[in-house]
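Encoded as structure tokens, the structure appears first; notes follow it.
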Amino acid sequence: MKVLIADKLSDKAIAELKKMGAEVVFEPSLGAEDLPQHVSDIEILIVRSTKVKAETIKAAPLLSLIIRAGAGVNTIDLEAAGERAIHVANCPGKNTDAVAELAIGLMIAADRRIVDASCDLRSGKWRKKEYGKARGLKGRTLGIIGLGSIGKAVCERAKGLQMNVVAWSRSLTDDRAKALGICRAEFPLTVAETSDVICLHLAANAETKHMINDEFFSRMKDGAVLVNAARGEVVDTEAVKKAIKEKGIRYAADVFENEPTGGEADFVDRDLAALITATPHIGASTDQAAEAIAEEVVRIIDSYKKTGKPENVVNVCAKSKAVTSLVIRHYNRVGVLAGVLDKLKNADINVEEMENTIFEGGAAASCALQLDEAPDAKVIEQISKDESILSVMVK
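All residue numbers for the sequence shown refer to our numbering, where the first residue is 311 and numbers rise by one.
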């Protein structure tokens, strides 16, 4: 098992992988364009911020598992991976506290204009009158859009600041909102209209791209704070620049549209940078989060090595094209299932999924096959004739 680690990972995690018998190649400085030249004999690829493009996947004939050492997988070409039956797994929830802490920090920094004040002090300017105009957060309304693990963690911390919380999320019910001690908004625009501070915690996809646009900003209160520690694509960059200039919106962001993917690069949107409180996508970058993610990476690989089934896979069909189940009880002998598969193949029936369970003692097993077409009586009869078959059931 040869593993390429193309981003930073702890020495402890690397040592654990080697203990498993893995041959580890540690190349944390590789970029997206470098990867295709380094994956020809790699079976498992571990990345954090490095993009995995289709070119890399095509150049890796042995690759069977890509692990994103973090939660989001928008930097990995899932379609290309799926076309070559390569599992893509992630490490959800391991950076929740780190991102939530930064979101709260950005919120406070935007309200108190900490960055601007620090810059002035560093240039020798004492401007107490200018920076003594913060509104404060106690008793203010925090709007959260996206109430997954990070959104919930921000909610808990906001209560510590004695803020009122209103939230919108597709899965948020009135009962859950009541249990959390918050108000449920019917629509995202309701959050825009009622909040003094808004935190975004959404995944990047076709539905959320530029969800925060001109219309959303038009509904926000003048001078309100917007915090984005989710994904840059969620916010329309030109719209936020306009809102800052016309409505006094204070924007604090850790993520950006078309942001650099490496650790060192030029940030080209200087106009935006001059208007906002910002950090260079470091939300998940704490020692605590890194340790938790590294442990999860090791756990996923260990599970994959032992079972052939990696955990936290994000690119497997939630529902296959199967229309019926074929359950075969059989003696645990060589070639039994091969014979079954041959008969299904001859009938032009495809097996979408298959699971074979061995019983105590190892003499017999039960195999459940999910088929794209129900086998007729003739096929069932052909399968049943094998003396190693105990029973055949179509469900």
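We treat Cβ as the ideally placed atom computed from N, Cα and C, and that holds for glycine.
- Secondary structure remark: continuous beta strand (DSSP E) runs of at least 3 residues inside the segment 518 to 588, in chain order: 535 to 538, 560 to 563.
- Here Cys465 is not bridged, per DSSP, to any residue.
- Counting other Cβ atoms within 10 Å of its Cβ, Ser359 reaches 16 or more and is therefore classed as buried.
- Nearest in C-alpha terms to Leu536, of all of Glu663, Glu503, Asp485, is Glu503.
- Cβ-Cβ distances below 6 Å link Gln472 to Lys448 in the same chain, with the five nearest sequence neighbours on each side left out; the list follows chain order.
- For Met417, the enclosing alpha helix (DSSP H) covers residues 406 to 422.
- Per DSSP, the beta bridge partners of Arg494 are Ala477.
- Distances from the alpha-carbon of Glu337 to those of Ile586, Trp478, Val349, Arg580 put Val349 closest.
- In the structure shown, Gln598 adopts helical secondary structure according to DSSP, grouped into three states.
- Inter-segment contact for the segment 610 to 622 and the segment 374 to 381 is present: three or more beta-carbon pairs are separated by less than 8 Å.
- Each residue's CA atom was taken as its position, placing Thr667 and Asp407 some 39 Å apart.
- Each residue's CA atom was taken as its position, placing Gly671 and Ser701 some 19 Å apart.
- Relative to Lys462, the option among Val475, Thr451, Ile611 whose CA is nearest is Val475.
- In the displayed model, Ile460 falls within a helix according to three-state DSSP.
- Secondary structure within the segment 321 to 361: the beta strand (DSSP E) runs of 3 or more consecutive residues, fully enclosed, are 333 to 336, 354 to 357 (chain order).
- Within its own chain, the residues whose Cβ lies closer than 8 Å to the Cβ of Ile690, once the five positions on either side in sequence are excluded, are Val702, Val704, listed in chain order.
- Comparing alpha carbon positions, the residue from Val398, Lys552, Thr366 closest to Ala381 is Val398.
- Distance from the Cα of Lys616 is smallest, within the candidate group Lys695, Gly331, Lys688, Glu411, for Gly331.
- Cα atoms of Ala395 and Ile586: separation of roughly 43 Å, rounded to the nearest angstrom.
- A contact is defined here as three or more CB-CB pairs under 8 Å, and the segment 546 to 566 fails this definition with respect to the segment 485 to 505.
- The C-alpha of Thr500 is placed about 53 Å away from the C-alpha of Pro685.
- Arg480 sits exposed, since fewer than 16 C-beta atoms from the chains shown fall within 10 Å of its C-beta.
- About 18 Å separates the Cβ atoms of Ala516 and Asn538, ruling out a contact at the 8 Å cut-off.
- Of the candidates Glu333, Leu582, Thr451, Glu574, the residue whose Cα lies closest to the Cα of Ile554 is Leu582.
- In terms of Cα proximity to Ser676, the closest of Ile454, Arg467, His640 is His640.
- Counting along the chain, the unbroken alpha helix (DSSP H) around Lys655 starts and ends at 646 to 656.
- Taking C-beta atoms as the reference points, His511 and Ile455 count as a pair closer than 8 Å.
- Apart from sequence neighbours up to five positions away, the residues of its chain that approach Ile424 with a beta-carbon distance below 8 Å are Ile418, Thr587, ordered along the chain.
- Judged by their CB atoms, Leu327 and Val334 are nearer to each other than the 8 Å cut-off.
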